[in-house]
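Peer 1:
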């Protein structure tokens, strides 16, 4: 769940801050036990995953590396280590191969609503990155609903949308409700609590044509514990409001499941809602065939066939105000996979920034082969590319 945690927190930062960056980013170790160090491949992969979701700057190594040099990019005598090359490569990617890095904005297809009061039933704020698995679920109850359920649902909705081949952005419904105007469809994790102003903001957005999907408990209390008529409706129901609608699923979709183990029916429900009510995804990603691999059994020795029928690929398109685009394609499987990509707008070909190889599209569609736990970055071009003659038309 490390990737999902990081991506989700970055999306919330994008929804609340003018500039998103990360301090103490993953690469340092607390001691000199070198087998515990982060591999250079994984360091590169997670850095690109962060860049893909709008992290504009990375302060890579932890403060204690200055004292113990456990896994710093250079030794105490100034020797360069392999991780130094990853640092340099990432700088080159952002500031030499990609022009105007700071101007690029990740393009999202739908929204997940963030309302802080819902998460205060769990703890203060969003759970810490990479700690999804330790969210408290249990007492105290509010209206019979356990603490933590709304937070778990919030976390899982991002996973379900991504497994449907789309990308969900976060919208802080109190801090920047105007960002919701960029979307036709939004998901709200069900909770007994919601801010009274959040209810008003959501009502106004639905009234102007938005579709809101609520999964789980229908809100009925405000931030002060007072009774609330959510969306000014007399009773919980799916219905039309002005030019828009609210769709209520009276049970959670993903509050009790984990990363890579989400319920297939829930994934399909989210996929159907996206197809019917969201705009076309900027880039829709699917796997060409069910992914499987052979590995050692966890117990008893010998080999075992593992099958993962869920979509663990990610495609995130970035765009500048003048229309230039960069595409990040992420493979979260432990094996190489062929992904099929469909673009919503006209795209002629992609140019890989690692190899300079060009990939032509057919009807704005193409297949990309990506190695295990890798993140490839491509410039997106409008012109046509002839692979046989290696010429751009």
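In my numbering, the protein residues as written are 867 to 1259.
Every residue gets a Cβ at the ideal spot worked out from N, C-alpha and C, and that includes glycine.
I believe residue 907 touches residue 1239 by the beta-carbon criterion, under 8 angstroms. Please report the beta-carbon distance rounded to the nearest angstrom.
Peer 2: Going by Cβ atoms, the distance from residue 907 to residue 1239 rounds to 7 angstroms, so yes, they are a contact pair.
Peer 1: CA-CA distance, residue 1004 and residue 1048?
Peer 2: Their backbone Cα atoms lie some 36 angstroms apart in a straight line.
Peer 1: Helix, strand or coil, according to DSSP, for residue 1052 in the structure here?
Peer 2: Residue 1052: strand per DSSP, three-state reduction.
Peer 1: Alpha carbon to alpha carbon, how far is residue 1129 from residue 964? Give it in angstroms, no decimals.
Peer 2: Near 38 angstroms, if we compare the C-alpha coordinates of residue 1129 and residue 964.
Peer 1: Write down every uninterrupted run of the beta strand (DSSP E) in the stretch 1103 to 1189 whose length is 3 residues or greater and which is fully enclosed by it, in chain order.
Peer 2: You should have 1105 to 1107, 1110 to 1115, 1149 to 1153, 1157 to 1162, 1169 to 1174, 1179 to 1185.
Peer 1: Check whether the Cβ atoms of residue 1151 and residue 1121 sit closer than 8 angstroms, and answer yes or no.
Peer 2: In this structure, residue 1121 does not lie closer than 8 angstroms to residue 1151 by Cβ.
Peer 1: To the nearest angstrom, report how far apart residue 1204 and residue 1215 are at their CA atoms.
Peer 2: Their backbone Cα atoms lie some 17 angstroms apart in a straight line.
Peer 1: Compute the beta-carbon to beta-carbon distance between residue 1108 and residue 1072, rounded to the nearest angstrom, for a pair I have assumed lies under 8 angstroms.
Peer 2: So it is a contact: roughly 7 angstroms between Cβ atoms.
Peer 1: So, is residue 1262 buried or exposed, given that buried needs 16 or more other C-beta atoms within 10 angstroms?
Peer 2: A query on residue 1262 cannot be resolved here, the shown segment of the chain reaching from 867 to 1259 and no further.
Peer 1: I believe residue 1097 touches residue 1063 by the beta-carbon criterion, under 8 angstroms. Please report the beta-carbon distance rounded to the nearest angstrom.
Peer 2: Going by Cβ atoms, the distance from residue 1097 to residue 1063 rounds to 13 angstroms, so no, they are not a contact pair.
Peer 1: Does residue 899 come out as helix, strand or coil in the three-state DSSP assignment?
Peer 2: Reduced to three states, the DSSP call for residue 899 is coil.
Peer 1: Taking the beta strand (DSSP E) that residue 980 falls in, what are its first and last residues?
Peer 2: Residue 980 -> beta strand (DSSP E) spans 976 to 980.
Peer 1: Please identify the residue among 1202, 1174, 1210, 1206 whose C-alpha is closest to the C-alpha of residue 1191.
Peer 2: The option with the nearest alpha carbon to residue 1191 is 1210.
Peer 1: Which residues does DSSP list as the beta-bridge partners of residue 1198?
Peer 2: DSSP output for residue 1198 lists no bridge partner at all.
Peer 1: Who are the near neighbours of residue 851 in its chain, counting only those whose CB is closer than 8 angstroms to its CB and skipping five residues on each side?
Peer 2: The chain is shown only over 867 to 1259; residue 851 falls outside these bounds and no answer can be derived.
Peer 1: Just verifying my parser: in three-state terms, what is the DSSP assignment at residue 905?
Peer 2: Three-state result, residue 905: coil.
Peer 1: Once you ignore the five residues that flank residue 921 on each side, which residues in its own chain have a CB closer than 6 angstroms to its CB?
Peer 2: Around residue 921: 876, 886, 888.
Peer 1: So what does DSSP say about residue 990, is it helix, strand or coil?
Peer 2: Low per-residue confidence applies at residue 990: pLDDT is 47, beneath 50, and the placement is therefore not dependable enough to give any value.
Peer 1: If you run the structure through DSSP and keep just helix, strand and coil, what is residue 1224?
Peer 2: In this structure, residue 1224 counts as strand in the three-state DSSP scheme.
Peer 1: Determine whether the beta carbon atoms of residue 1001 and residue 1018 lie at a separation below 8 angstroms.
Peer 2: In this structure, residue 1018 lies closer than 8 angstroms to residue 1001 by Cβ.
Peer 1: Considering only their Cβ atoms, is the gap separating residue 1020 from residue 1077 smaller than 8 angstroms?
Peer 2: Cβ distance not < 8 angstroms, so residue 1077 and residue 1020 don't count as in contact.
Peer 1: Name the DSSP beta bridge partners of residue 1093, please?
Peer 2: 1087.
Peer 1: Taking a contact to mean a Cβ-Cβ separation below 8 angstroms, would you say residue 1199 touches residue 1217 in this structure?
Peer 2: Against a cut-off of 8 angstroms, the Cβ pair of residue 1217 and residue 1199 comes out as no contact.
Peer 1: How do the stretch 1091 to 1106 and the stretch 1133 to 1140 stand: do at least 3 beta-carbon pairs fall below 8 angstroms, yes or no?
Peer 2: They do not touch, by the three-pair rule.
Peer 1: Taking Cβ positions, are residue 1179 and residue 1196 nearer each other than 8 angstroms?
Peer 2: In contact: residue 1179 and residue 1196 (Cβ atoms closer than 8 angstroms).
Peer 1: For residue 1145, which residues from the same chain have a beta carbon less than 6 angstroms from its beta carbon, with the 5 sequence-adjacent residues on both sides left out?
Peer 2: Result list for residue 1145: 1050, in chain order.
Peer 1: Count the other C-beta atoms from every protein chain shown that fall within 10 angstroms of the C-beta of residue 873, then say buried if there are 16 or more, exposed otherwise.
Peer 2: When all chains shown are included, residue 873 counts as buried.
Peer 1: Please classify residue 945: does DSSP put it in a helix, a strand, or coil?
Peer 2: Reduced to three states, the DSSP call for residue 945 is coil.
Peer 1: Beta strand (DSSP E) containing residue 869: first to last residue?
Peer 2: Segment 868 to 882 is the alpha helix (DSSP H) holding residue 869; no beta strand (DSSP E) there.
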